[in-house]
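See below for the structure under consideration.
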Amino acid sequence: MRMLHLGLRVTDLERSLAFYTAVGYAKVGHVPETGFGSLTLLQLPGDPFVSLELVHDPARPVADTGAVNHLVVQVGDLGTTVADLAGRGIAAEPPTDHGEGMATSWLTDPDGYRIELVQWPPGHPEGMTAADFA
């Protein structure tokens, strides 16, 4: 088993799509009508799979983002990423250095969802593993 993607309800599809493409996602598909609303499928560069689905129904705007604590996106160089985002009009918090090459920063999407940007230390696996807690 593996998690495939997260479906995230958004209030304004165009605004959210502009935000997430500025972050680095690419739109790879769209399903116009489902029981949930329209679905826009997004993929990060270098990732072979869709990881985020924007779910939009104008009759069901986002009223509470509290059920989702945060999304996490791995980046190669956090300082460069934060600077690139600023150039695209997206404000991220200054990076926090956690030592040994690990750093994080936070930003907020148009609906209020929090996104953590993570730079892993050199040699770290592509994702979080049990070894991170040993």
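If you count the sequence shown from 1, you need to add 1 to reach our numbering. Note that beta-carbon positions come from the ideal geometry of N, C-alpha and C, so glycine has one too.
Cβ pair residue i, residue j closer than 9 Å
{"i": "P59", "j": "G36", "result": "no"}
{"i": "D54", "j": "L40", "result": "The question names Asp, but residue 54 is Glu in the sequence shown. It is a contact, given that the beta carbons lie within the stated cut-off."}
{"i": "Y114", "j": "V69", "result": "yes"}
{"i": "L43", "j": "T22", "result": "yes"}
{"i": "G30", "j": "V51", "result": "yes"}
{"i": "G128", "j": "Q75", "result": "yes"}
{"i": "R10", "j": "R89", "result": "no"}
Residues that residue i bridges to, as DSSP identifies them
{"i": "E54", "result": "G8, L42"}
{"i": "L72", "result": "I116"}
{"i": "A27", "result": "Q44"}
{"i": "V32", "result": "L40"}
Straight-line gap, residue i to residue j (C-alpha atoms, nearest Å)
{"i": "P46", "j": "A64", "result": "30 Å"}
{"i": "A132", "j": "G124", "result": "13 Å"}
{"i": "R16", "j": "P111", "result": "7 Å"}
{"i": "I91", "j": "K28", "result": "19 Å"}
{"i": "L18", "j": "M2", "result": "29 Å"}
{"i": "D13", "j": "G102", "result": "37 Å"}
{"i": "G77", "j": "P122", "result": "10 Å"}
Sequence-distant residues of the same chain with beta carbon closer than 8 Å to residue i, five excluded per side
{"i": "T105", "result": "L79, P96, T97, H99, E117, L118, V119, Q120"}
{"i": "P33", "result": "S39"}
Cβ neighbours of residue i in the same chain (closer than 6 Å, five flanking residues each side left out)
{"i": "A93", "result": "V83, L86, S106, L108"}
{"i": "F20", "result": "D110, P111"}
Cβ-based neighbour list, residue i, same chain, cut-off 7 Å, excluding 5 preceding and 5 following
{"i": "H6", "result": "V51, S52, L53, E54"}
In chain order, which alpha helix (DSSP H) runs of at least 4 residues are fully inside the segment 79-126? 79-88
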